[in-house]
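Chains as they are written, first to last, in our numbering: chain A, 1 to 87; chain B, 1001 to 1220. Where is the CB? At the ideal position from N, CA and C, for every residue including glycine. Everything numeric in this text was worked out from a predicted model, so none of it was measured. Working notes, structure below.
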Amino acid sequence: MSEHGRLPLAKLLAGLIGPAGPELTCQECFEQLDRYVELELDGQDAEAAVPGMHAHLEGCPACSEDHASLHALLAGEGGASRRTPRG
Amino acid sequence: MHQAPLLLDGRAPDADSLQWVEALSGTGPRHEEAVARLHRLLVRAARFELARRRHALGNGSSAEIDDLATQAAADALMAIKRKLGTYRGESRFTTWAYKFALFEAAVKVRKRAWRERELPLDEDGWALLADRGAAPDADAETSELIDALRRAIADELTPHQREVLIAVALNDVPIDVLADRLSTTRGALYKTLHDARAKLRARLAAEGHMPEAARKGGTQ
């Protein structure tokens, strides 16, 4: 059974009416996820680079979980060795 | 043969990523060694994901969890080989590869967690919504909003949109589990969910019930 009966109204509404504004599809989200997470971990404006990603992650629980997992995995690997400058 | 990754905004992929692509695109011992090394990384990523979701696996044995990790890594490796030509060097190769393993592991966890469960009935979701509107902490405005939402769900949505919205948003059914049961795809179901939500936002806005945080319209 769901726990929505105890959820704050804002969370309930977010699930029902979704995010405002344009958002990526699940496929587009998957294609951009690696780039988006690296930009986040580099402290860059990931949303500006991948418009609509944030809205999709708010609206899609499964993609949001994928994002959280990749973020956690990379963050756990440490920064310097993972993010050598490209060029 | 893999094409050289495109340069986006003038940047080349880092040297390590280029080595991965070259080795995986080639043949011989260097290719085999790269595939084996990649497989080890994918198993590690899959195990990481399964550990994060340990609670969803209930009483799954260590052997069963190892088997899930092995399956997820194998499926991820196949997907990576198939899609290697789409890698553009926009992230490090290992980051690009990890997402396949995490995705495959997450899907397997969700499906396993729901494998012996019936999908909740629409009525369960309706009851939750009604309960939320009638909760002791619900003020008049909240109750009105919930009532408006219930009417909008009943009046505006197709039966399929209603089924998907209630399952995912109210009954917490994972979207890929629902896609599996309905013989469709996660992307197609999310489009259905997106369209349903757009209808609800439009109806709430027309009735003056739109929550402040969601006043902006949007299309996918």
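Spatial distance of residue i from residue j (CA atoms)
i                : j                : result
G21 of chain A   : D1014 of chain B : 34 Å
F1103 of chain B : H1031 of chain B : 24 Å
CB contact check: residue i to chain B, cutoff 8 Å
i              : result
D66 of chain A : yes
H4 of chain A  : Because H4 of chain A sits at a pLDDT of 46, beneath the cut-off of 50, its placement in the model cannot be relied upon, and the following sentence gives the value as read from the coordinates. Yes, H4 of chain A counts as interfacial toward chain B.
Q27 of chain A : yes
D42 of chain A : no
G87 of chain A : Low local confidence applies: a pLDDT of 34 at G87 of chain A is under 50, so the model's placement there is unreliable, and no value is given.
E58 of chain A : no
Terminal residues of the alpha helix (DSSP H) in which residue i lies
i                : result
E31 of chain A   : C26 to L41
R1030 of chain B : G1028 to R1052
R1150 of chain B : A1140 to E1156
P1159 of chain B : P1159 to L1165
D942 of chain B  : Coverage of chain B is limited to positions 1001 through 1220, which leaves residue 942 of chain B absent and any answer about it impossible.
R1197 of chain B : R1186 to A1206
R1110 of chain B : F1093 to A1113
V1177 of chain B : I1175 to R1181
A46 of chain A   : A46 to A49
L9 of chain A    : L9 to I17
Residue i in three-state terms, based on DSSP
i                : result
C60 of chain A   : coil
H67 of chain A   : helix
E1064 of chain B : helix
M53 of chain A   : helix
M1078 of chain B : helix
beta-carbon residue i near the ligand COA non-hydrogen atom, thresh 7 Å
i                : result
R1150 of chain B : By its list of ligands, the structure shown contains no ligand whatsoever, and the ligand COA lies outside what it can speak to.
Interface flag, residue i vs chain A, CB-CB below 8 Å
i                : result
L1038 of chain B : no
S1091 of chain B : yes
A1056 of chain B : no
E1163 of chain B : no
E1207 of chain B : no
Partner residues on chain A for residue i, Cβ-Cβ distance less than 8 Å
i                : result
L1102 of chain B : D66, S69, L70 and L73
A1045 of chain B : L73
Interface residues of chain A facing residue i [CB-CB closer than 7 Å]
i                : result
L1149 of chain B : L16
Within chain B, partners of residue i - CB distance below 8 Å
i              : result
A62 of chain A : A1106, R1110, P1174, I1175, D1176 and R1186
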